[in-house]
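Visitor:
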Amino acid sequence: MAALKKAAFMAKVMALDAGQGSVTPHGSLGADGKWPEFVPAKEGDSRCSCPALNAMANHGILPHDGKDISFIEMGDLIRATYNFSPSFCLFVPKYAANMLNKDYHNDRFDLKDLDLHNGIEHDASLCRVDSALEPDQSKIPVEMIKALLAEATGKDADGKPLLTIEDLSRFSARRRVEARETNPDFTLEKIHKSFGSSNASTLLTVFGGRVEDIETVLLEERLPDGWESRVLERYGLTIITFNLKAVNKVEKGIDEAKFIAEREDKKNLKILDELEDEGVEGQSEEGASSAQHAAN
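The opening position of the sequence shown corresponds to residue 1268 in the working numbering, with each subsequent residue numbered one higher.
1. Put PHE1474 into one of helix, strand or coil per three-state DSSP.
2. Cβ atoms of MET1366 and ILE1339: under 8 Å apart, would you say?
3. Leaving out five residues on either side along the sequence, give the residues of the same chain with a beta carbon under 6 Å from the beta carbon of ASP1452.
4. Taking only three categories from DSSP, how would you classify GLU1388?
5. Take the Cβ of ALA1424 as the centre, count every other Cβ of all protein chains shown within 10 Å, and call the residue buried at 16 or more, exposed below.
6. Nearest-angstrom Cα distance between ILE1538 and LEU1393?
7. Between the Cα of LEU1320 and those of GLU1518, GLN1404 and LYS1301, spot the shortest distance and give me the residue it belongs to.
8. In three-state DSSP terms, what is ARG1441?
9. Under a Cβ-count criterion, where at least 16 other Cβ atoms within 10 Å of its own Cβ denotes burial, should ALA1513 be classed as buried or exposed?
10. Using only the alpha-carbon positions, how far apart do THR1291 and GLU1529 sit?
11. Could you compute how far the alpha carbon of ILE1506 sits from the alpha carbon of SER1354?
12. Just checking, does the region 1299-1306 make contact with the region 1460-1475 on the three C-beta pairs under 8 Å criterion?
13. Can you pull the DSSP bridge partners for LYS1422?
14. Whole angstroms are fine: how far does the CA of PHE1509 sit from the CA of ASN1515?
15. Decide if the region 1439-1456 is in contact with the region 1481-1492; the criterion is three or more beta carbon pairs, one per stretch, under 8 Å apart.
16. Could you give the C-beta distance for VAL1478 and LEU1430, rounded to a whole number, given that I count them as a contact under 8 Å?
17. Once the 5 residues before and after MET1323 are set aside, which same chain residues still bring their CB inside 7 Å of it?
18. Quick one: grab the DSSP three-state call for PHE1453.
19. For the candidate residues SER1295, LEU1381, LYS1519 and PHE1358, whose alpha-carbon lies nearest to that of LYS1334?
20. Could you round the C-beta distance between ASP1312 and HIS1331 to whole angstroms and report it? I think they count as a contact, below 8 Å.
21. Can you list, in chain order, the residues of its chain whose CB lies under 6 Å from that of TYR1371, leaving out five sequence neighbours each side?
22. Since THR1376 sits in a beta bridge, which residues does DSSP pair it with?
23. Would you tell me roughly how many angstroms separate the C-alpha atoms of ALA1282 and ILE1481, rounded to the nearest one?
24. Tell me whether LEU1486 sits in a helix, a strand or coil according to DSSP, three-state version.
25. When you compare only the Cα positions, how much space is there between ALA1524 and VAL1396?
26. Among THR1469, GLY1327, GLU1401 and LEU1383, whose alpha-carbon lies nearest the alpha-carbon of THR1449?
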């Protein structure tokens, strides 16, 4: 594992900015879209609320059982897999270590440990039911994720669906409203709003908004065949670029009041349509009755 990690990390650092298809250098982890074999989690394996980390474990990039992981190792392997910058891959594991009251340099953790509520895991997630309603945060909420993917309004050059900033803002508003309505223990502090928009923005940056790829990662927790990060920069996606390019825009576009108003409009239109259908049906029955009476 250590040799694989070091080779992957050094190859990424030495690579120049590249076009899609060559962002992962030959000889490194995931070169030519060839990732280690996918093996789904088995009973007893540790998984968490983050599909991207679970996918890494399912491919054996992280330990397959999801246990006894060093924070430093996690950062290096996230960089090698998703092409986040070194500073990004230092900040996130350090934050996680502090959250768990562990030593970044010496302690280790299991993936499930990351699901400490209101640490990094939070309510109104785009791809998990709130922990108050579903304590097992490794469980994949299929219908919720399908609803997220169905929001896609963008298209790539081949006409394939893409999630846009606006799509993710809209679905985030929906999740916040519905979570607040259904979860009696709902909380969402400013920092957790930021985490939510950051997770959404990963779909835009690392996965390019491509519904086909995102579906595989979120529903199967598997890296698509032939996939590589859509981040092409030599030193990966920095925190500043991530915030300016996506996170701030997603968060700014979240409008809960607008979602509630549009939901109410749809509900009223549905009622009107049902009343009209009942009226037409009633008129048809009345007409048939009159015709029969006239014939008699």
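Glycine included, each C-beta is placed from N, C-alpha and C at the ideal position.
Guide: According to the structure data:
1. Residue state, collapsed to three classes: coil.
2. No, the pair does not count as a contact, with Cβ atoms beyond the cut-off.
3. So the qualifying residues of the chain are ALA1399.
4. When DSSP states are grouped into helix, strand and coil, GLU1388 belongs to the strand group.
5. Exposed, because fewer than 16 other Cβ atoms sit within 10 Å of the Cβ of ALA1424.
6. In this structure, the CA atom of ILE1538 is about 29 Å from the CA atom of LEU1393.
7. Out of GLU1518, GLN1404 and LYS1301, GLN1404 has the C-alpha closest to the C-alpha of LEU1320.
8. When secondary structure is reduced to three states using DSSP, ARG1441 falls in the helix class.
9. Buried.
10. Across the structure, THR1291 and GLU1529 are spaced so that their CA atoms are roughly 43 Å apart.
11. Their backbone Cα atoms lie some 8 Å apart in a straight line.
12. The region 1299-1306 and the region 1460-1475 do not touch, with fewer than 3 CB-CB distances between them shorter than 8 Å.
13. DSSP output for LYS1422 lists PRO1428 as bridge partner(s).
14. Roughly 9 Å separates the two Cα atoms.
15. With a cut-off of 8 Å, the region 1481-1492 and the region 1439-1456 do not count as touching, because too few Cβ pairs lie within range.
16. With a Cβ gap of about 6 Å, VAL1478 and LEU1430 count as contacting.
17. Taken in chain order, the residues that qualify are LEU1329, LEU1344 and THR1348.
18. Coil at PHE1453, not helix or strand.
19. Closest by alpha carbon: LEU1381.
20. At roughly 7 Å, the Cβ-Cβ gap stays under 8 Å, so ASP1312 and HIS1331 are in contact.
21. So the list reads PHE1338, LYS1361 and ALA1364, once near-sequence residues are dropped.
22. The sequence shown places Phe at residue 1376, not Thr. PHE1376 pairs with ILE1336.
23. Note that ALA1282 scores 46 on pLDDT, short of 50, meaning its location in the model is unreliable and no value can be drawn from it.
24. Three-state DSSP puts LEU1486 in a helix.
25. Between ALA1524 and VAL1396, the C-alpha separation is close to 22 Å.
26. Checked all of THR1469, GLY1327, GLU1401 and LEU1383; the closest Cα to THR1449 is GLU1401.
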